[in-house]
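Contents: one structure, followed by commentary.
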Amino acid sequence: MIEKYFRRLRAQYPVAFLSDERLNLLLENIHSEDEIKIIFSYLQKHLKSSPSQKENGELLFSLIDKTQYSVRAWIEAILTFDSWLKENERETDFKTMIGYIECSTLSPENKILKYQLKELVAKMLNDFGYVG
């Protein structure tokens, strides 16, 4: 699947926003075409939201690096959040979404019990909702 999408996505996302290495890392951790559509639709909107391409492109990876969770776990959390938004007829921007996910990783509950990230995000959304 990586080779099939790499060229097409490379043409859409400047290297300053998403390096070849980062693009490959995302594609290696995405398991379906539906996941590609969801993740890259958020990235596309995020790319258009600011002229600071390098800073914005690295934002997701800088947050991943701050946590014990893998790239795949973050993708699953983004997909979980996206499903919650659709079920609740809501929308958000990518920066706010991944900020919420990062905040979830810092919750006191996650210090005692280490949740899977997608479960933690679902719990936070169900228990506390989302203002954004």
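With our numbering applied, the sequence shown corresponds to residues -5 to 126, in that order.
The beta carbon of each residue, even a glycine, is placed where N, CA and C say it ideally should be.
Three-way DSSP call (helix, strand, coil) for L57 in this model: Helix.
Close-in-space but distant-in-sequence residues of the same chain around F34 (CB under 7 Å, 5 per side omitted): Same-chain partners within the cutoff: L3.
Reduced DSSP category for I25 - H, G, I as helix; E, B as strand; rest coil: Looking at the sequence shown, residue 25 is not Ile but His. Note: H25 maps to coil in three-state DSSP.
Alpha-carbon spacing of V115 relative to S98, whole angstroms: Cα to Cα, the separation comes out at about 6 Å.
For M118 and Y94, the rounded distance between their alpha carbons: Y94 and M118: Cα-Cα distance of roughly 9 Å.
Segment contact flag, the region 40 to 54 with the region 96 to 111, C-beta cutoff 8 Å, min 3 pairs: As far as the Cβ criterion goes, the region 40 to 54 does not touch the region 96 to 111, which means the pair count is below three.
Residue burial classification, T74 (beta-carbon count within 10 angstroms, cutoff 16): Classification for T74: buried.
A10 - DSSP class collapsed to helix/strand/coil: A10: coil per DSSP, three-state reduction.
Coarse secondary structure for Q38, derived from DSSP in three states: Q38 carries a helical assignment under DSSP once its states are collapsed to helix, strand and coil.
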